[in-house]
Amino acid sequence: AQKVTQAQTEISVVEKEDVTLDCVYETRDTTYYLFWYKQPPSGELVFLIRRNSFDEQNEISGRYSWNFQKSTSSFNFTITASQVVDSAVYFCALSEVSGGYQKVTFGTGTKLQVIP
Amino acid sequence: DTAVSQTPKYLVTQMGNDKSIKCEQNLGHDTMYWYKQDSKKFLKIMFSYNNKELIINETVPNRFSPKSPDKAHLNLHINSLELGDSAVYFCASSRGSSYNEQFFGPGTRLTVL
């Protein structure tokens, strides 16, 4: 069974600090995809990034960067120079074949509060 | 303009009632989903449809019945509502399988009194 663990329930940082959100996953498959989604206080869920299991290259998009390490089954997300607008709940998710069909499992989320 | 839309946004109802939530996507996607997000923000897949065919049916009470009249719509009907059904329900869609990113609707906050 697949599992996604986001051990940090809540994190508070002061604006302009860097922050890393941890994500550890479990899967038996060799082919799978990992995602990060953002849920701001307004409630909608916004897709941030997708990474497949064969691509371990780290990715940077502006102030956001992701570090995928298969050896430790982790897909961590770093926000550089955090801003108040980054305050949200962030979800890590895993998609793999389970029971003959593809299924997404979400982590429990990390609530990030950026204090001005 | 809206990619994935849900109606209503808020739903307040009494225990025992039957209610429906509608979802429509204009992205041309062929896979749609229903998720339930509880008060602790935990997101759980309920159903998934691909080309109007049910492909995921998680352990959800029979009181919940999805219906997909076409690829662009996935509605959720709930019978005999219970207090524990109170949650935010999200509709989502993706191109092809769940290996692709999902686009979420704004959510429907259901409150059962």
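From first to last, the protein sequence lines stand for chains C and R. Residue numbers 13 to 128, in the working numbering, belong to the letters of the first sequence in order. Residue numbers 391 to 503, in the working numbering, belong to the letters of the second sequence in order. Beta carbons: idealized from backbone N, C-alpha and C, even for Gly. Since the model is a prediction, treat every value here as computed from it, not as a measurement.
message: Only counting the same chain, and skipping five residues up and downstream in sequence, which positions put a Cβ closer than 6 Å to that of R/T501?
response: Taking the first residue of the second sequence as 1, we reach residue 501 of chain R at position 111. Closer than 6 Å at Cβ, skipping near neighbours: V402, S476.
task: State yes or no: is the beta carbon of C/T42 nearer than 9 Å to at least one beta carbon in chain R?
output: Locating residue 42 of chain C in the first sequence gives position 30, counting from the first residue. No, its Cβ sits nowhere closer than 9 Å to a Cβ of chain R.
task: At 3 residues or longer, and completely inside the stretch 415-484 of chain R: list those beta strand (DSSP E) runs for me, N to C.
output: 421-427, 433-440, 443-447, 454-460, 463-468, 477-484
query: When DSSP builds the beta bridges, which residues end up paired with C/E71?
result: For the purposes of this step, residue 71 of chain C is identified with residue 59 of the first sequence, where counting begins at 1. Partner(s): C/W78.
task: Closer than 7 Å by beta-carbon distance: list the chain C residues that pair up with R/S487, in chain order.
output: The residue you call residue 487 of chain R lines up with position 97 of the second sequence. Those are Q114, listed as they occur along chain C.
- request: Report the rounded CA-to-CA distance for C/E108 versus R/F494, giving the unit in angstroms.
  value: To locate residue 108 of chain C, count along the first sequence from 1; it is residue 96. To locate residue 494 of chain R, count along the second sequence from 1; it is residue 104. Roughly 19 Å separates the two Cα atoms.
Residues sharing a beta bridge with C/E22, DSSP: Position 10 of the first sequence, counting from 1, holds the residue named residue 22 of chain C. C/K123, per the DSSP bridge assignment.
field: Chain-ordered neighbours of C/E71 on chain R, where CB pairs are closer than 7 Å
entry: Mapped onto the first sequence, residue 71 of chain C falls at position 59. The contacting residues do not exist; C/E71 stays about 14 Å from chain R at best.
task: Measure the Cβ-Cβ separation of C/T39 and R/F432 and say whether it is below 9 Å.
output: Sequence index remark: in the first sequence, residue 39 of chain C carries index 27 (1-based). Sequence index remark: in the second sequence, residue 432 of chain R carries index 42 (1-based). No, the Cβ-Cβ distance between C/T39 and R/F432 is not below 9 Å.
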